[in-house]
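Chains as they are written, first to last, in this note's numbering: chain C, 1 to 114; chain X, 1 to 114.
No residue lacks a Cβ here, since even glycine has one placed at the ideal position from N, Cα and C.
Source: prediction; values computed, not measured.
These notes concern the structure reproduced below.
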DNA sequence: ACAATATACATAGAACTTCAATGTATTTCA
DNA sequence: TGAAATACATTGAAGTTCTATGTATATTGT
């Protein structure tokens, strides 16, 4: 499994979490599993990494949280994307596209268009 | 002009500098201009940002430096990519491709199709 | 019944990072 | 003469990821 640079992880964590939450509310542990699954095991967030990021995102007003009891009675802190976060996700997509084009030009190879 | 997130800048600075240097030796100020030109003004590194990154890259053994007098007699610190840096650039390219694919997938599909 | 594993959230602290601000100099050009 | 561009460097503020550690409950295998 490839170990990505801290920088690459940093650039993608928030857009990826926003993407996941844009498809429906979720909680920390489930987000980790979802990203692991989608990336086919290539991105596995440590919980100690994800939770502070979720807190930061909530503080910035991108998402909101609420406690809920799961099927099994265990309490979970759910997160839901809010208006600000939707706008932020759009912005992140735009920026990724631009940067990807610049890099693609520099490398003169075809990268996956989004 | 779009202002990119610190994170996105962080993820791309080293690969971009390595790319520029893989096309020929250069010095700080020229690298800033080259990236600005290639990105059509969208990426403009502050000198206070670039120089510490160059120092870090040299310390890590990705590039080497040497003083040279330019046409006008002004001294410039040139940088040249070395073996380690070429390998690092290949790795960065690979990783960018993988992450781009994952993100591309996330932005295209529904996580929980009903 | 018991142990191991998976689920679930949280924080502290180490080791980074970017970048604005500031400083020093030289060259070019109106 | 003076402004702008060229050229490199460092400091310090504010932020970042991630390891380690802690708490606790649910599930699964033997």
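Whose Cβ in chain C lies nearer than 7 Å to the Cβ of residue i?
i: residue 31/X; result: Those within 7 Å of residue 31/X in chain C number zero; the least Cβ separation is about 12 Å.
i: residue 43/X; result: 102
Is there a Cβ of chain X sitting closer than 8 Å to that of residue i, yes or no?
i: residue 12/C; result: yes
i: residue 17/C; result: no
i: residue 87/C; result: no
Closest Cβ-Cβ distance between residue i and chain C: below 8 Å?
i: residue 106/X; result: yes
i: residue 38/X; result: yes
i: residue 5/X; result: yes
Quick one: list the residues of chain X neighbouring residue i, beta-carbon separation under 7 Å, in chain order.
i: residue 8/C; result: 11, 95, 99
Can you give me the Cβ contacts of residue i inside the same chain, cut-off strictly under 8 Å, excluding the 5 residues immediately before and after it?
i: residue 89/X; result: 15, 18, 19, 22, 81
i: residue 32/X; result: 44, 45, 47, 50
Helix, strand or coil: which one does DSSP assign to residue i?
i: residue 14/X; result: helix
i: residue 5/X; result: coil
i: residue 63/C; result: strand
i: residue 103/C; result: helix
i: residue 39/C; result: coil
i: residue 45/C; result: coil
i: residue 23/X; result: coil
i: residue 93/C; result: helix
i: residue 56/C; result: helix
i: residue 108/C; result: coil
Keeping to the same chain, check which residues put their C-beta closer than 6 Å to that of residue i; ignore five residues upstream and five downstream.
i: residue 61/C; result: 84
i: residue 64/X; result: 80, 82
i: residue 92/X; result: 15
Excluding the 5 residues flanking residue i on each side, which residues of the same chain have their C-beta closer than 7 Å to its C-beta?
i: residue 189/C; result: For chain C, the structure presents residues 1 to 114; residue 189/C sits outside this window and is missing.
i: residue 69/C; result: 75
Who does residue i pair with in a DSSP beta bridge?
i: residue 78/C; result: 27/C, 66/C
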